[in-house]
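K.L.:
Chains as they are written, first to last, in the working numbering: chain B, 28 to 294; chain R, 21 to 274. Glycine included, each C-beta is placed from N, C-alpha and C at the ideal position. The structure is given below, and queries will be raised subsequently.
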Ligand SMILES: Nc1ncnc2c1ncn2[C@@H]1O[C@H](COP(=O)(O)OP(=O)(O)O)[C@@H](O)[C@H]1O
Ligand SMILES: [Mg+2]
């Protein structure tokens, strides 16, 4: 994998990496239990990829980690602080790339990216401009700076959302299916960004993805969520021969390691 | 029972939102661009229609007053009746009702759609409190604009009354006479009274509409429901508050 560390503008000082710990987490909506007693920990600086069929509760889990929703039982801590507490967001910089992008529709792409540094008065307009334009450039979005989010395609929105996260210079970055609407080259770029953030800036990343290549390529560990339970947790190497038949089927509906589908598609 | 808890919950979250927004008041100066934008929005959506409707309200007041007062030869007092009714009651209430329809509904729609499309969640993860960025500038703007709207409603209403009084054959009172009676029987405190009422209505409408927008749950269909709820709640609030504020102001001034 090629990386471009010199192009990385995200963090100028060494950020303290933060760990995430999920202990006995359950979440119900009414009588419907979406997450069932989930326990895992992501050490500082790790890339943790979370996979699982749609509807298995991955997005709900991410919302628990950033503290948008309170757990029904159990606890989530980020850097040792309770994720559900409002003060945690002031103390730990977390960025969540929403599955839908969640861009501010009334603001231009540029203003979407500039909002965080402006509101937190982190830099003057000139410095913000530089940061924003570099983040846009990395995601090949320079041309869209003055466009409104409603004028963008789904994949472009997702890239803007990622760029908006990068401008925040987060200590913990969470991605909800970041590559689901992107072409292969752009997907690879995202994978490179995630890996670079880890290597150079010790950013902790939690990535929800169906992208096996991304998972196996950059993950330190992979967790698999099925029906609200964490059914597998291990390194990418361990995932190549999962003991659990459900996991094996999910990862390889028809296992054919000699002629993988994605290779056929590429030629 | 469910209805009652929902209403109490609504009141609770509205008060909470008020305190939150108020706690960010020191940030208002650096948010002045948003504040000014909201002032313009309130101004250009509401002013024209306030002017038009107040004109007709003033006119119809003069007509009705002319009809009933000429029975006992008191039609020269039309000016004071139109003047006081507009200033103390109809100016502020009309302005508030139109604010609810144009601004309250727009606020509820905008914030509800931001909520439904997770923009509010995004703000929260960015540690940008919605109460600071979205609510405070709107509350400040309505406090500045509401007296303007009410004064314009008063002036246009008085003018409409004067015009009708002159050109209706059964009334036929010259504007000079109309306005001199209006001035003689009205004090500054009557106008002030109305402005205070307008201020209370406007503030309540914007606060409640913000809270309803931000409390939206579920899918896009809920955006429409939020708008309806904001307008209906605002109208009920105007009429209920009207009684109590009027009562309180009378009490204070006696
Ligand atoms: N706010 C909510 N209210 C009720 N049910 C919800 C809510 N959010 C998510 N769910 C349910 O939780 C389950 C998991 O959702 P989600 O985490 O979005 O799945 P995914 O793994 O595809 O991201 C789904 O069945 C969804 O319907
Ligand atoms: Mg999801």
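1. When the cut-off is 7 Å and only beta carbons count, does residue 229(R) lie next to chain B?
2. Using a threshold of 6 Å, is the CB atom of residue 126(B) nearer than that to any non-hydrogen atom of ligand 2?
3. Taking residue 253(B) as the reference, give the member of 62(B), 51(B) and 46(B) with the closest Cα.
4. Use the C-beta contact count for residue 267(R): other C-beta atoms within 10 angstroms, 16 or more gives buried, fewer gives exposed.
5. Under 6 Å Cβ to Cβ from residue 97(B), same chain only, skipping five residues before and after it: list those, please.
6. Quick one: does residue 125(B) have its CB under 7 Å from some CB of chain R?
7. Counting only beta-carbon atoms, is residue 139(R) nearer than 7 Å to chain B?
8. Say the cut is 6 Å; is the CB of residue 83(B) nearer than that to a heavy atom of ligand 2?
9. Please identify the residue among 131(R), 31(R), 193(R) and 173(R) whose C-alpha is closest to the C-alpha of residue 214(R).
10. Sorted by chain position, which residues of the same chain lie with C-beta nearer than 8 Å to residue 51(B)'s C-beta, five sequence neighbours on each side aside?
11. Check the Cβ of residue 129(B) against every Cβ in chain R and list those closer than 8 Å, keeping chain order.
12. Is residue 106(R) close to chain B, meaning its C-beta is less than 7 Å from at least one C-beta of that chain?
13. Answer yes or no: does any C-beta atom of chain B fall closer than 7 Å to that of residue 127(R)?
14. Looking at ligand 3, does it come within less than 6 Å of residue 61(B), judged from the CB to the closest heavy atom?
15. Which bits of chain B does residue 148(R) rub up against, with CB to CB less than 9 Å?
16. Should residue 66(R) be flagged as near chain B, meaning a C-beta pair shorter than 7 Å?
17. Run through chain R and tell me which residues come within less than 9 Å of residue 154(B), C-beta to C-beta.
18. Using a cut-off of 9 Å between C-beta atoms, extract the partners of residue 93(B) located in chain R.
19. If contact means a Cβ-Cβ distance below 8 Å, which residues of the stretch 193 to 205 of chain B contact chain R?
20. If you draw a straight line from the C-alpha of residue 166(R) to the C-alpha of residue 234(R), how long is it?
21. On the premise that residue 251(R) lies in contact with residue 63(R), defined as a C-beta separation below 8 Å, what is that separation, rounded to the nearest angstrom?
22. What span of residues does the alpha helix (DSSP H) with residue 257(B) cover, start to end?
23. Count the other CB atoms, across all protein chains shown, that sit within 10 Å of the CB of residue 60(R); report buried if there are 16 or more and exposed otherwise.
24. Establish whether the CB of residue 117(B) and some CB of chain R are separated by less than 7 Å.
P.N.:
Walking through what the data contain:
1. Numbered from its first residue, the second chain carries residue 229(R) at position 209. It does not: the Cβ of residue 229(R) has no partner Cβ on chain B nearer than 7 Å.
2. Counting from 1 along the first chain, the entry for residue 126(B) is found at position 99. With a cut-off of 6 Å, the C-beta of residue 126(B) is classified as near ligand 2, since at least one heavy atom of the ligand falls inside that distance.
3. Within the first chain, numbered from 1, the residue matching residue 253(B) stands at position 226. Among 62(B), 51(B) and 46(B), the Cα nearest to that of residue 253(B) belongs to 62(B).
4. Translated into the one-based positions of the second chain, residue 267(R) becomes position 247. Exposed, because fewer than 16 other Cβ atoms sit within 10 Å of the Cβ of residue 267(R).
5. In the first chain, the residue the question calls residue 97(B) occupies position 70. Excluding residues within five positions, the ones whose Cβ falls inside 6 Å are 111.
6. Reading the first chain from its first residue, position 98 is the one you call residue 125(B). Yes, residue 125(B) lies at the interface with chain R (some Cβ there is under 7 Å from its Cβ).
7. The residue given as residue 139(R) occupies position 119 in the second chain. Yes - at least one Cβ of chain B is within 7 Å of the one on residue 139(R).
8. Counting from 1 along the first chain, the entry for residue 83(B) is found at position 56. The answer is no for residue 83(B).
9. As a first step, residue 214(R) must be located in the second chain, where it is residue number 194. Comparing Cα positions, the closest option is 173(R).
10. Stepping through the first chain from its first residue, residue 51(B) is reached at position 24. Short of 8 Å from the beta carbon of residue 51(B), and not among the five residues preceding or following it, lie these beta carbons of its own chain, in chain order: 64, 65, 66, 100, 101 and 102.
11. Against the first chain, residue 129(B) aligns to sequence position 102. Simply 137, 138, 139, 141 and 142.
12. By one-based count along the second chain, residue 106(R) stands at place 86. Closer than 7 Å: no.
13. Working through the second chain from its first residue, we reach residue 127(R) at position 107. No, because no Cβ of chain B sits closer than 7 Å to the Cβ of residue 127(R).
14. Among the ligands present in this structure, namely ligand 1 and ligand 2, ligand 3 is not found.
15. In the second chain, the residue the question calls residue 148(R) occupies position 128. What residue 148(R) touches in chain B: 142, 143, 146 and 147.
16. Taking the first residue of the second chain as position 1, residue 66(R) is located at position 46. By this cut-off, residue 66(R) is not an interface position.
17. Counting from one through the first chain, the residue named residue 154(B) turns up at place 127. Ordered by position in chain R, no residue passes the 9 Å Cβ test against residue 154(B), which lies about 17 Å from the chain.
18. Within the first chain, residue 93(B) is the residue found at index 66, counting from 1. Those within 9 Å of residue 93(B) in chain R are 141, 144 and 145.
19. Shown in chain order are the members of the stretch 193 to 205 of chain B whose Cβ falls below 8 Å from a Cβ of chain R: 195.
20. Residue mapping note: residue 166(R) aligns to position 146 of the second chain, counting from 1. Residue mapping note: residue 234(R) aligns to position 214 of the second chain, counting from 1. Taking the straight line joining both Cα atoms gives about 23 Å.
21. The count along the second chain starts at 1 and reaches residue 63(R) at position 43. The count along the second chain starts at 1 and reaches residue 251(R) at position 231. The Cβ separation is near 20 Å, so there is no contact.
22. Taking the first chain and counting its residues from 1, the one referred to as residue 257(B) is at position 230. It is not in any alpha helix (DSSP H) - residue 257(B) instead sits in the beta strand (DSSP E) that spans 256 to 261.
23. Locating residue 60(R) in the second chain gives position 40, where the first residue counts as 1. With fewer than 16 other Cβ atoms within 10 Å, it is exposed.
24. Here residue 117(B) refers to the residue found at position 90 when the first chain is read from its first residue. Taking Cβ atoms only, chain R reaches closer than 7 Å to residue 117(B), which makes this a yes.
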